[in-house]
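A.B. asks: Please find one structure pasted underneath; my questions will follow.
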Amino acid sequence: MEFRSIQDLKEYIKELEKHRHHPQDYIFGIELEGALIDREGKPLDAGKLIPRLNQMHQDFEFDKEAGKCQIEIRSFPREYSCYALREMEEYLHDAIHDIVELAERIHKTEAIFLLLGSNPHPSVLADEWISDTQRAKKMAEWRSNFPSIKIGNRSIEARHIAIAIQSIHVHIQGKSPQDVVEKYNRLLYMVPEQIAISANSPIIGGELLDYREARLLLYELADGGNAGFPKLIKYPSSIIEYGEYVASFPSIMASSLTQMVKERHEDNRIRLEVPFRVENRVYPAQCTIKENMALIEYIVGRLKYAQRWSRQELPPIKEIEINRIEAIKEGLRGEFIWNGKKVSVSNYMMEGIEKAERGIKALDTNARYLNILRRRVKRKKSCADTIKRWYARKDDVEEKIAYIVNRVWQHTSRNQPII
296 MEFRSIQDLK EYIKELEKHR HHPQDYIFGI ELEGALIDRE GKPLDAGKLI PRLNQMHQDF
356 EFDKEAGKCQ IEIRSFPREY SCYALREMEE YLHDAIHDIV ELAERIHKTE AIFLLLGSNP
416 HPSVLADEWI SDTQRAKKMA EWRSNFPSIK IGNRSIEARH IAIAIQSIHV HIQGKSPQDV
476 VEKYNRLLYM VPEQIAISAN SPIIGGELLD YREARLLLYE LADGGNAGFP KLIKYPSSII
536 EYGEYVASFP SIMASSLTQM VKERHEDNRI RLEVPFRVEN RVYPAQCTIK ENMALIEYIV
596 GRLKYAQRWS RQELPPIKEI EINRIEAIKE GLRGEFIWNG KKVSVSNYMM EGIEKAERGI
656 KALDTNARYL NILRRRVKRK KSCADTIKRW YARKDDVEEK IAYIVNRVWQ HTSRNQPII
């Protein structure tokens, strides 16, 4: 169901209060984005693959993204459990190998399906790699109004940033509109910890940046204020209030409130469609399927714990924004500020993992992947630290990129976590 206006949303909520029904809680789904490239890291056109992938696979949908070299893999919604996550891992691992085999037959060259927060090769940052869909073209045209972004020794056009960025989006359905708002508010204060534990994008367009997770800041600059941490003055108290927040911004090409939500490329958003759900967008795509599953397990468990046991007041939004920047810059080696006090990110994250584990048990299932994240925190290293080390091993930029994407692909193809 699509809501064309705030009034539509209000009328639906009013009817819902008269005729209550109770959707199942913690139904989840994902969108995983990856880039099709050759062994040198140069982009390959993924357009011809997508129809054939949809014929081959019944468990996922494949679609185009902002860039011609990108493929989005969408799962169908299902009840959360460790068994559902394990099945998803197996299906996705098979799917990425099918993508590569199909690409090699079509393009007659060795291919890689790059699961990384950004495609590091400079050649992807060009008009020729903007997807030929109406939405991609319109968004690129709109972003052309914003100034170029200076990184390292080069400038990148704002319209090209989206075609070099890959992420994983986790959708979680709530049991009521108000429950979805509560999930949204709790996910907001978890944004910094999620960035710190998943950071892996220190390279954009061949340039090594002084950040653990550069993709987020660059996307904010390229998207004219539509991306990044939500521009909220206070936590929304209802789904109507969130709808009014979305409607307060001018639309780009949206003709309904439901579509306007999709133009808010923020860390978290509420999908104003039935069934209502929260969408977490802050994670970069991880290098292996296991690592992606670990992040899904973390967010679901951490959120369930917070909804069931947390009695703390929601922290000030300004503190969340400060901690978010700290996570982008320093990852697991930084310090957060909560209630005016400093706490090391690594200590905070160890507590977060314990909470996530308890939350998963509250869903009558078992944690399967959290040890991957626990290992990262103990070493105070995310994938970004490894990528930076690999970048330093070669002298020439082209050699650096080729070395990195092939090392990443070794881990991806074997499903062997980097850390």
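Residue numbering for the sequence shown is 296 to 714, as defined by this note's numbering.
Built from N, CA and C at the ideal position, the CB exists for glycine as well.
Can you tell me which of Ala589, Met485, Ile528, Val419 puts its alpha carbon nearest to the alpha carbon of Asp340?
C.D. replies: Among Ala589, Met485, Ile528, Val419, the Cα nearest to that of Asp340 belongs to Val419.
A.B. asks: Which of helix, strand or coil does DSSP assign to Leu482?
C.D. replies: Looking at Leu482 - three-state DSSP - the assignment turns out to be helix.
A.B. asks: Would you report the Cα separation of Ile492 and Arg670, rounded to the nearest angstrom?
C.D. replies: Answer to the nearest angstrom: the Cα atoms are 11 Å apart.
A.B. asks: Within its chain, find whatever has a CB closer than 6 Å to the CB of Ala457; leave out the 5 residues flanking it on each side and keep chain order.
C.D. replies: Cβ neighbours of Ala457 beyond the five flanking positions: Ala361.
A.B. asks: Note down, in chain order, each residue of its chain lying with its Cβ closer than 7 Å to the Cβ of Glu616, except the 5 sequence neighbours on either side.
C.D. replies: Excluding sequence neighbours, Glu616 sits near Phe524.
A.B. asks: Residues in the same chain with beta-carbon distance under 7 Å from Met351, minus the five sequence neighbours each way, listed in chain order, please.
C.D. replies: Cβ within range, chain order: Asp393.
A.B. asks: Under three-state DSSP, which class holds Lys363?
C.D. replies: Lys363 falls in the coil class under three-state DSSP.
A.B. asks: Do you know how far the Cα of Leu482 is from the Cα of Met296?
C.D. replies: Met296 and Leu482: Cα-Cα distance of roughly 25 Å.
A.B. asks: Taking contact to mean at least 3 C-beta pairs separated by less than 8 Å, is the segment 590-605 in contact with the segment 642-652?
C.D. replies: These segments touch.
A.B. asks: If contacts are defined as beta-carbon pairs under 8 Å, then Val475 and Ile425 qualify, I think. What distance do you get, rounded to the angstrom?
C.D. replies: So it is not a contact: roughly 33 Å between Cβ atoms.
A.B. asks: Going by C-alpha distance, which of Gly596, Ser443, Gly329 is nearest Asp659?
C.D. replies: Checking every option, the nearest Cα to that of Asp659 belongs to Gly596.
A.B. asks: Nearest by alpha-carbon distance to His706: which of Leu411, Ala494, Ile547, Pro417 is it?
C.D. replies: The option with the nearest alpha carbon to His706 is Leu411.
A.B. asks: Assign Glu326 to buried or exposed, taking buried as 16 or more other Cβ atoms, counted over all protein chains shown, within 10 Å of its Cβ.
C.D. replies: It is buried - the Cβ of Glu326 has at least 16 other Cβ atoms within 10 Å.
A.B. asks: If we call anything under 9 Å between Cβ atoms a contact, is Lys363 one with Glu423?
C.D. replies: Taking 9 Å as the Cβ cut-off, Lys363 and Glu423 qualify as a contacting pair.
A.B. asks: Between which residues of its own chain and Arg576 is the CB-CB distance below 8 Å, once the five residues before and five after are set aside?
C.D. replies: Same-chain partners within the cutoff: Ser462, His464, His560, Glu561, Asp562, Asn563, Arg564.
A.B. asks: Run through the DSSP bridge pairs and tell me what Phe355 is partnered with.
C.D. replies: DSSP lists Ser370 as partners of Phe355.
A.B. asks: Tell me the rounded alpha-carbon separation between Trp685 and Arg510.
C.D. replies: Taking the straight line from one Cα to the other gives about 18 Å.
A.B. asks: In angstroms with no decimal places, state the Cα-to-Cα distance between Asn414 and Tyr479.
C.D. replies: Answer to the nearest angstrom: the Cα atoms are 29 Å apart.
A.B. asks: Is the separation between the beta-carbon of Lys359 and that of Gly336 shorter than 9 Å?
C.D. replies: For Lys359 and Gly336, no; Cβs fall outside 9 Å.
A.B. asks: Mind reading off the beta-carbon distance from Ala453 to Arg438? Whole number of angstroms is fine, and I expect it under 8 Å.
C.D. replies: So it is a contact: roughly 4 Å between Cβ atoms.
A.B. asks: Hey, would you say Leu665 sits closer than 9 Å to Ala549, going by beta carbons?
C.D. replies: Not a contact, by the Cβ cut-off of 9 Å.
A.B. asks: Expressed to the nearest angstrom, what Euclidean distance is found between the alpha-carbon atoms of Leu304 and Phe298?
C.D. replies: Their backbone Cα atoms lie some 6 Å apart in a straight line.
A.B. asks: Determine the DSSP secondary structure at Pro579, reduced to helix, strand or coil.
C.D. replies: Of the three classes helix, strand and coil, the one that applies to Pro579 here is strand, per DSSP.
A.B. asks: If Ile594 and Gln489 are in contact, beta carbons under 8 Å, what's the gap, nearest whole angstrom?
C.D. replies: Their Cβ separation, rounded to whole angstroms, is 7 Å, which keeps Ile594 and Gln489 in contact under 8 Å.
A.B. asks: Put Pro525 into one of helix, strand or coil per three-state DSSP.
C.D. replies: If DSSP states are grouped into helix, strand and coil, Pro525 belongs with coil.
A.B. asks: Give me the DSSP bridge partner(s) of Glu328.
C.D. replies: Note: Glu328 sits in a beta bridge opposite Glu367.
A.B. asks: Report buried or exposed for Asp680, applying the criterion of at least 16 other Cβ atoms within 10 angstroms of its Cβ.
C.D. replies: Counting Cβ neighbours within 10 Å, Asp680 comes out buried, since at least 16 surround it.
A.B. asks: Should Gly520 be labelled buried (16 or more other beta-carbon atoms within 10 Å of its own) or exposed?
C.D. replies: Exposed: under 16 other Cβ atoms inside 10 Å.
A.B. asks: How should Gln711 be labelled, buried or exposed, when 16 other C-beta atoms within 10 angstroms of its C-beta is the threshold for buried?
C.D. replies: Burial call: exposed.
A.B. asks: What does Asp333 pair with, by DSSP beta-bridge criteria?
C.D. replies: Answer by DSSP bridge pairing, in chain order: Ala406.
A.B. asks: Please identify the residue among Phe441, Glu367, Gly469 whose C-alpha is closest to the C-alpha of Gln319.
C.D. replies: Of the listed residues, the one whose Cα sits closest to Gln319 is Gly469.
A.B. asks: Run the CB neighbour count on His314, radius 10 Å, all protein chains shown included, and call it buried at 16 or more, exposed below.
C.D. replies: Under this definition His314 is an exposed residue.
A.B. asks: Work out the CA separation of Asp518 and Glu592 for me, nearest whole Å.
C.D. replies: Taking the straight line from one Cα to the other gives about 29 Å.
A.B. asks: Would you mind sorting Pro442 into buried or exposed? The rule is 16 or more other CB atoms within 10 Å of its CB.
C.D. replies: When all chains shown are included, Pro442 counts as exposed.
A.B. asks: My output table needs one value for Pro712: the three-state DSSP class, helix, strand or coil.
C.D. replies: Looking at Pro712 - three-state DSSP - the assignment turns out to be coil, as it is neither helix nor strand.
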